Amino acid sequence: MRSTYDETVHPQWKESLADALDTDSFRDLSIFIQRERTQCEVYPADENVFSALSFFGPRDTKVVILGQDPYHEHGQAHGLSFSVQPGIAIPPSLRNIFTERKNNIGLMPPVNGTLTSWAHQGVLLLNTSLTVRAGSAGTHAKKGWEAITDQIIRTVNDNTDRCVFILWGAHAQTKKKLITQGHHAILEAPHPSPLSAYRGFFGSAPFSRTNVLLQEAGRTPIDWSL
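Taking the UniProt record's numbering, I'd label the letters of the sequence shown as residues 1 to 226.
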């Protein structure tokens, strides 16, 4: 896994995560995932585990959309939270995100659920766990990923330019304690899953609100089209 990290991750992320990756905890995590891959299917593929960190460095992060763990069905996960590979059916939570996007800023739902165009603009699509066992949500939680992904959030928190943190659902909102710099903005809403979307996710207007907050801080807004 470390070789994949070395090949795909932006140099600025490598620098900020060097200490967190040079720990017994991360070595244990790497061994655990290697063992899992020999015994069962693990998502995403090894080369996509750190995809969220490949598009830009921490200083260019404008928005963080925080998920929990990768999709656990075949072909879905590719290292970006909520995003799926081209040609894969759009999962219910992402379908609700596209519904809110249409209601908020008038963009029609796209033909696929691949969010790489957001990532190219400085949207960090980060899960708190970066791997999962096939068919079993949450199976790699509390195995060591949280130390890495918490450090990613802290690194963005250290930025002097405003970042908008979009925290959907109770799990993402537990990370609010890591966002301590007052110039950043936090948008909270229920998770977009069918179980909770009607409890306040719909109508939360995250796309327009994010762009207002970025423009207020002199940053270029996100083009949310796909």
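Positions of the beta carbon are idealized from the N, C-alpha and C atoms, including for glycine. Quantities reported herein were computed from a predicted structural model and do not represent experimental measurements.
Item: Within the same chain, show all residues whose beta-carbon is closer than 8 Å to that of Leu126, passing over the 5 residues directly before and after it, in chain order.; Value: Ala52, Val64, Ile65, Leu66, Gly67, Ser81, Thr149, Ile152 and Ile153
Item: Return yes when at least one heavy atom of the ligand FAD lies under 7 Å from the C-beta of Ile179, else no.; Value: The ligand FAD is not among the ligands present in this structure, which contains no ligands whatsoever.
Item: Straight-line CA distance for His28 to Ala147?; Value: Residue identity check: residue 28 is Asp in the sequence provided, not His. The alpha-carbon atoms of Asp28 and Ala147 are separated by roughly 12 Å.
Item: Any idea what DSSP makes of Arg133, helix, strand or coil?; Value: strand
Item: Three or more C-beta pairs closer than 8 Å, one from the stretch 134-148 and one from the stretch 104-122: is that the case here?; Value: no
Item: By alpha-carbon positions, which one of Gln181, Thr8, Gly203 and Phe55 ends up nearest to Asn157?; Value: Gln181
Item: For the stretch 101-166, list the beta strand (DSSP E) runs that are entirely contained and at least 3 residues long, ordered along the chain.; Value: 123-127
Item: Could you give the C-beta distance for Pro192 and Arg199, rounded to a whole number, given that I count them as a contact under 8 Å?; Value: At roughly 11 Å, the Cβ-Cβ gap does not stay under 8 Å, so Pro192 and Arg199 are not in contact.
Item: For Thr23, which residues from the same chain have a beta carbon less than 7 Å from its beta carbon, with the 5 sequence-adjacent residues on both sides left out?; Value: none
Item: Any idea if Arg35 is buried or exposed, counting beta-carbon neighbours within 10 angstroms, 16 or more meaning buried?; Value: exposed
Item: For Glu15, list the residues DSSP reports as bridge partners.; Value: Answer is none; Glu15 lacks a bridge partner.
Item: Taking the beta strand (DSSP E) that Ala217 belongs to, which residues open and close that run?; Value: Element bounds for Ala217: n/a, residue is neither H nor E.
Item: Residue 253 bridges to which residues according to DSSP?; Value: Residue 253 lies beyond the range of the chain shown here (1 to 226); nothing can be said about it.
Item: Could you give the residue range of the beta strand (DSSP E) that holds Ile90?; Value: Element bounds for Ile90: n/a, residue is neither H nor E.
Item: Shortest alpha-carbon distance to Pro91 belongs to which of His183, Gly169, Gln76 and His171?; Value: Gln76
Item: Going straight from the alpha carbon of Ala197 to that of Asn104, what length do you get?; Value: 14 Å
Item: Classify Val111: buried if its beta carbon has 16 or more other beta carbons within 10 angstroms, exposed otherwise.; Value: exposed
Item: Across which residues does DSSP place Leu66 in a beta bridge pair?; Value: Leu126 and Leu167
Item: Pull up the distance between the alpha-carbon of Val132 and that of Phe201, whole angstroms please.; Value: 25 Å
Item: Quick check on the DSSP output: the alpha helix (DSSP H) that includes Arg35 runs from which residue to which?; Value: Asp24 to Gln39
Item: Check whether the Cβ atoms of Pro58 and Asn159 lie closer than 8 Å to each other.; Value: yes
Item: By the three-class DSSP mapping on this structure, what secondary structure does Tyr43 have?; Value: strand
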